[in-house]
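Below: the structure, in structure tokens.
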Amino acid sequence: MNQFQYVRATKPQGAIDAVAKDPTAKFIAGGTNLVDLMKRGIMTPQKLVDINRLPLAKIERQDKGLRLGALALNSAVANDALVRQHQPLLALALNAGASPQLRNMATVGGNMLQRTRCSYFYDLTMPCNKREPGSGCGALEGINRMHAIFGASDKCIAVHPSDMSVALVALDATVLVSGPKGDRRIAFADFHRLPGDTPEKDTNLEAGELITAVDIPDGPFTKHVHYQKVRERASYAFALVSTAAALDLDGNTIKAARLAMGGVAHKPWRLTAAEQSLVGQPATEASFRRAAEVAMQGAKAFKHNAYKLKLGPNTIVQALRTAAAA
Amino acid sequence: MKAQQKQIGAPMNRVDGHLKVTGAAKYSAEYELPGLVYAVLVGSTIAKGRLTSIEAKAAERAPGVLAVVTHYNSPKVPGYDTAGKDPSQPATVGGPIKIFNDDKIRFNDQPIAVVVADSWERARYAARLIKAQYAKEAHQTNLEDNKPQAFLPTSAKKNPKSPMADYQRGQADAYKTGAIKIEGEYVIPTEMHHPMEMQSITAHWEAPDRLTLYDKTQGTLATRRDFAKEWGLPEANVKVIATFVGGAFGNALHSWPHESAAIIAAKVVNRPVKLMLTREQMFTQVGYRPYTWQKLGMSATPDGKITAITHESIGQTSTYEEFTESTLAQTRMMYASPNLTTRYRLAALDIGSPIWMRGPGEATGAFALESAMDEMAHLLNLDPLEFRLRNYTDTDPEKNRPWSTKFLKECYKLGADRIGWSNRKLKPGSLRDGEWLVGYGMGVGTFGAHRGGAHASAQLRPDGTVLMQCATTDIGPGTGTAMTQIAADTLGIAPEKITFELGHSDYPQAGTQGGSSTVNSVGPAVQQACLALKDKLRELAGAQNPTFASAKKEDVTLGDKHLSLSSNTAARVPYSDLLKQAGAATVTVEAKPGNEGQQYSMYSFSVHFAEVRVHELTGEVRVSKLVSCADAGTIINEKTAANQMKGGAVGGIGMALMEHARIDDRFGRYVTKDLADYHVPVHADAPNIEVAFVNQPDLKVNALGTKGIGEIATIGVAPAIANAVFNATGKRVRELPITPDKLV
Ligand SMILES: Cc1cc2nc3c(=O)[nH]c(=O)nc-3n(C[C@H](O)[C@H](O)[C@H](O)COP(=O)(O)OP(=O)(O)OC[C@H]3O[C@@H](n4cnc5c(N)ncnc54)[C@H](O)[C@@H]3O)c2cc1C
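These protein sequences, in sequence, are chains F and Y.
Start counting the first sequence at 580; every next residue gets the next number (the numbering used here).
Start counting the second sequence at 717; every next residue gets the next number (the numbering used here).
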């Protein structure tokens, strides 16, 4: 780990100023991702601005939705009565991630900003454009069984590892940020980005911008929801593929649907066309299968992840099945 | 009276359990010595080539740094010249890598420097400042690519009778002409040990020629021997302390570069040096279960008698050491096949040396053999248990000798009842539980009931307590507990009165803890030491009371405060009188096996039954029930023995379903470098594992009747699961692990 300065912010503006002024500074929340990366020398901030004392941990009702403070703990959100009542999908996704110990430390803002788990990103001696722009993508011709099937570029084929974000993109959440240039709102679907030629940028957040909260509008998705996460062991592993599914049913007819996948792209992957294909259809295996086919259009596999072309749609079907039966 | 209760077999709690759960047990990384400093290893970033320069200035100038040692400035290690010529290690050829000795790189992450600083954090920081330049050479890290270059191990070339040599009974490769035959290739990828406790060592030169090591090792004496030799010292000058070992599956059966590095560093700074490996370094520094390719062909008669088996294997070794293991042993002796051929080969890769990992070799081989048994049973439309019974053998078909004992049929019965084997359907894909396909499978394991010579001492103290000592280690199975139980029964006193000390090279000699041999070897030494102590006490008492002089040692009774005789309770000598002159009565004995091993084939046996559920859409596999039954001779402690079986079974689940160390061959580097990438089972992956023992003594192995448990707990588990997956889905996976991508 490199040497660094540590400051504790007491006001959001103080935190923003500290980071905006110093390009080598970073916010630290739960630290469960940032500290790991620092120990390995992958991230080397010269200054850590501790935001844990900022009053941003509330989970509350807004007029037409829920507001999650950026510092609300993953465990607090997952166990919150309002969340469970209004957005049960989010609770399911959170509980599918990491372990209880980590969820007790991890925050909403930090979870969104956790970095990829690509092995090449993690090894300082190997090429990785995300870590070291211009060094090449180790995974492209390397071991890429965990990697993207959507939206990858020849610069980067890594995936975003967050489970929570898959539910949030499905639920049409909005990210609230404050920065040196003031406050702004970013649609969750626009928050993370595709790698393109600049994979070093995971998100559209600008230097010094602090996430203050995430808003989730109320919707009809309070019952028929499911988060299906497929992994190589029963718990405590990142997804091979995951699907967040939410249905609004009228009898057996689908009035509205939400679908998003994790483990398949550089960002949580919303499946709007597949959602559309479900509207007005009966909640049957055949409809789910068709939606899964629509969802997979444009998917492209690399040497070791072709299984995702089959596991992906199967996971969607399984998520929809379970959501419909919930 | 409590003391009269039989302790052997009882589910006694671990004698060190309290120390372990309260944190009072001291592991190798927890010794604090005056003047202690910290060392961190720097590894190469190429797999093969030469170091052309090491830039260490920045590290040397970093705060708190005391030294940076590389091959440029390392003191000469006297034993390097003679290393690798140890006749007591016939299994290996070549020798451990001699670090800081030359500029040659033999594997990725080979230590090229060690940084010593006044704190671990500072040493770690400085280690990152070191930059090396290399002249790279083309490396080989892929076994599949190197199969054509595979060779017969040197030990087999030298000795055609070696278990590594080609073996044949009946006709060679006779299965090929059989009418009913199967043939398949099987792959086990590299697997890592990863016990909870990572390897660490504190090296302390107490004098220029006296070395003390607080080390994570499975053998205090083996470690003492290796480093005495490396430094040209008499063994008496080297002390190795491993009082507690936080799990080891073979990774501490060998002396490794980090140990040499700590000793060299301590010499350079002339202070005690602590070196702790990181989890990442555990992938590259302390061995692994080697990647192994196997091919197995089998033929049988229509009524289910095996007529021939050919089993071939190519295992991975390093370029500087020939590592071999008994991959093909179980195939030669398990089933009564008249024609049998085995061929074992090695491929040398530019990766650090492998090392035995729990159920070494046999666990790898059993995956192929026991999968093939299932495949043949399926082809014959026979129940796999029935197929095994039809090929059961009451004598060892390899050595043509009787078994010392074999209660495998009894294991089959115990396990089949408990798993509900009668629910199994012959036709795969027949059973369902909602979205989950359900299947049943079995796998058999065996491992030699090895016994070596061992010493133990016993001392009676004036307060009536007994201190016993032995150099053996306890890597987790509960050796101290089992030995206390044996001593309690032999002495006829309560276990609370006995302290069993182990893990110190100054204690009476015993072998390394490995190969399921500790209870078999040390158990008899403890038993005999206790009998010898009784005799000694009888003799001492005889000087004061003639009734004792003529009594038999078996008759001697140890009371709370005095010695008496079971035949004559009136005859009493208080310990205070007895020990007045000597202070304490001490005996040391050696117990050695006789030639039973030449007359009988001695093996432990196990069978594992698995019930699995495979998700019809996602291909996820859950082991919903696992039953492990063992014929392991006398069970000394029902609780710790069952604990061993369960741990081994969990290891088997890992092997079957998730463990896979992957290398990117372009770089010759692992891409799985932490426990997020290299998966081992979590609690949710382990069902409630049921264990049953036949518990019949094998008095040919030793007077206690034990045969060993550690290895058979794992051997056969992976094929049981793979066979259950086949039964559930009709999909035969011959390349482990069985991950969802292979089943969707
Ligand atoms: C072993 C392990 C397993 C895991 N498994 C999973 C899993 O299965 N699924 C999953 O989804 N996740 C998993 N995780 C990741 C975990 O969810 C993240 O580490 C965690 O959510 C990060 O939150 P944090 O508050 O600790 O972030 P930090 O580590 O504190 O910060 C992460 C990043 O976010 C920035 N940041 C934090 N808060 C703000 C803010 N308010 N505004 C702007 N920037 C901010 C920091 O500067 C830093 O760059 C796992 C982690 C570990 C260690």
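We treat Cβ as the ideally placed atom computed from N, Cα and C, and that holds for glycine.
All values reported here derive from a predicted model rather than from experimental measurement.
- Query: Of all the options Y:D1090, Y:S1069, Y:Y1108, Y:G1258, which has the alpha carbon lying nearest to the alpha carbon of S1053 (chain Y)?
  - Reply: For S1053 (chain Y), the nearest C-alpha among the options comes from Y:Y1108.
- Task: With 9 Å as the threshold, decide whether the Cβ of M705 (chain F) is near any Cβ in chain Y.
- Result: Judged by the 9 Å Cβ criterion, M705 (chain F) is in contact with chain Y.
- May I ask you to check if the CB of V1471 (chain Y) is nearer than 8 Å to at least one heavy atom of ligand 1? Because chain Y here runs from 717 to 1460, residue 1471 (chain Y) falls outside it and cannot be looked at.
- Item | Per-residue burial, H970 (chain Y) [other beta carbons within 10 Å of its own, 16 or more giving buried] | Per the 10 Å Cβ criterion, buried.
- Interfacial residues, the stretch 811 to 826 of chain F to chain Y, with Cβ spacing under 8 Å: Taking a C-beta cut-off of 8 Å against chain Y, the contacting residues of the stretch 811 to 826 of chain F are E811, R812, A813, S814, Y815, A816, F817, L819, listed in chain order.
- Message: Please return the same chain residues whose Cβ sits closer than 7 Å to the Cβ of G780 (chain Y), not counting the five positions on each side in sequence.
- Response: Closer than 7 Å at the Cβ level, and outside the excluded window around G780 (chain Y), lie A833, D834, S835, R838.
- List the DSSP bridge partners of F1325 (chain Y). In DSSP, F1325 (chain Y) forms a bridge with Y:M1158, Y:V1343.
- Query: Which residues bound the beta strand (DSSP E) around M1318 (chain Y)?
  - Reply: Taken as a continuous stretch (DSSP letters only), M1318 (chain Y) belongs to no beta strand (DSSP E), as it is neither H nor E.
- Helix, strand or coil for G810 (chain Y), going by three-state DSSP, please let me know. Here G810 (chain Y) sits in strand by DSSP.
- Message: Considering just the uninterrupted stretch of the alpha helix (DSSP H) at K889 (chain F), what are its terminal residues?
- Response: Unbroken alpha helix (DSSP H) run through K889 (chain F): 887 to 904.
- Which residues share a DSSP beta bridge with M1184 (chain Y)? M1184 (chain Y) is bridged to Y:A1174, Y:F1216.
- Test item: CB-CB of M691 (chain F) and S654 (chain F) under 9 Å: With a cutoff of 9 Å on beta-carbon distance, M691 (chain F) and S654 (chain F) are scored as not near each other.
- Query: Would DSSP call I1428 (chain Y) helix, strand or coil?
  - Reply: Looking at I1428 (chain Y) - three-state DSSP - the assignment turns out to be coil, as it is neither helix nor strand.
- Message: Check this for me: beta carbons of F1321 (chain Y) and V1460 (chain Y), under 9 Å apart or not?
- Response: Their beta carbons are not under 9 Å apart, which means F1321 (chain Y) does not touch V1460 (chain Y) by this criterion.
- Go ahead and pull the three-state DSSP assignment for D629 (chain F). DSSP places D629 (chain F) within a strand segment (E or B) once states are collapsed to three.
- Starting from I638 (chain F), trace the beta strand (DSSP E) both ways and give me its first and last residue. Boundaries of the beta strand (DSSP E) around I638 (chain F): 638 to 641.
- Query: When the Cα of G1310 (chain Y) is compared with those of Y:G1168, Y:G1370, Y:I1209, Y:G1368, which residue comes out closest?
  - Reply: Relative to the Cα of G1310 (chain Y), the nearest Cα in the group Y:G1168, Y:G1370, Y:I1209, Y:G1368 belongs to Y:G1168.
- Message: Please classify A848 (chain Y) as buried or exposed, where buried requires at least 16 other C-beta atoms within 10 Å of its C-beta.
- Response: Answer is buried; the Cβ neighbour count reaches 16.
- Which residue from F:T777, F:R772, F:S757, F:A608 puts its Cα closest to that of K734 (chain F)? Of the candidates F:T777, F:R772, F:S757, F:A608, the residue whose Cα lies closest to the Cα of K734 (chain F) is F:T777.
- Distance, K1458 (chain Y) Cα to K1447 (chain Y) Cα: For the pair K1447 (chain Y) and K1458 (chain Y), the Cα-to-Cα distance works out to about 9 Å.
- Task: Return yes when at least one heavy atom of ligand 1 lies under 8 Å from the C-beta of F606 (chain F), else no.
- Result: F606 (chain F): yes, Cβ under 8 Å from ligand 1.
- Message: With a threshold of 6 Å on Cβ separation, who are the neighbours of S976 (chain Y) within its own chain once the five nearest residues in sequence on each side are excluded?
- Response: I815.
- For I1454 (chain Y), which residues from the same chain have a beta carbon less than 8 Å from its beta carbon, with the 5 sequence-adjacent residues on both sides left out? Contacts found: V1337, A1372, L1373, I1437, A1438, V1441.
- Give, in chain order, every unbroken run of the alpha helix (DSSP H) that is at least 4 residues long and sits entirely within the stretch 720 to 744 of chain Y. Correct list: 733 to 738.
- Message: Any heavy atom of ligand 1 closer than 8 Å to the beta-carbon of P679 (chain F)?
- Response: Flag unset: Cβ of P679 (chain F) not near ligand 1.
- Message: Please report whether the beta-carbon of G689 (chain F) lies at a distance below 9 Å from any beta-carbon of chain Y.
- Response: It does not: the Cβ of G689 (chain F) has no partner Cβ on chain Y nearer than 9 Å.
- Would you grab the beta carbon distance between A978 (chain Y) and Q934 (chain Y) for me? Rounded to a whole angstrom, and I think it's under 8 Å. Rounded, the Cβ-Cβ distance is 18 Å, inconsistent with contact.
- Which residue comes first and which comes last in the beta strand (DSSP E) that contains N653 (chain F)? The continuous stretches of beta strand (DSSP E) do not include N653 (chain F), which lies in the alpha helix (DSSP H) extending over residues 653 to 658.
- What residue does the alpha helix (DSSP H) around V793 (chain Y) start on, and which one ends it? According to the DSSP assignment, V793 (chain Y) belongs to no alpha helix (DSSP H), since it is labelled neither H nor E.
- Query: Is G1335 (chain Y) close to chain F, meaning its C-beta is less than 9 Å from at least one C-beta of that chain?
  - Reply: By the rule that beta-carbons nearer than 9 Å mark a contact, G1335 (chain Y) touches chain F.
- Could you check if D1019 (chain Y) is buried or exposed, using at least 16 other CB atoms within 10 Å of its CB as the buried criterion? Here D1019 (chain Y) is exposed: its Cβ has fewer than 16 other Cβ atoms, across all protein chains shown, within 10 Å.
- Message: Contact defined as beta carbons within less than 8 Å: I believe L635 (chain F) pairs with L613 (chain F). What is the distance between those atoms, to the nearest angstrom?
- Response: Not really, about 17 Å apart at Cβ, beyond 8 Å.
- Message: Are there any heavy atoms of ligand 1 lying less than 8 Å away from the beta-carbon of G610 (chain F), as far as the coordinates show?
- Response: Yes, ligand 1 has a heavy atom inside 8 Å of this Cβ.
- Item | Beta carbon proximity, L929 (chain Y) to chain F, threshold 9 Å | For L929 (chain Y), the closest Cβ of chain F is not nearer than 9 Å.
- CB-CB length for L647 (chain F) against I638 (chain F), believed under 8 Å: Indeed they touch by this definition, with Cβ atoms about 5 Å apart.
- Item | Close Cβ partners of A844 (chain F) (< 8 Å) along its chain, the five nearest in sequence each way excluded | Result list for A844 (chain F): A727, I728, F729, G730, A731, V738, H739, L773, in chain order.
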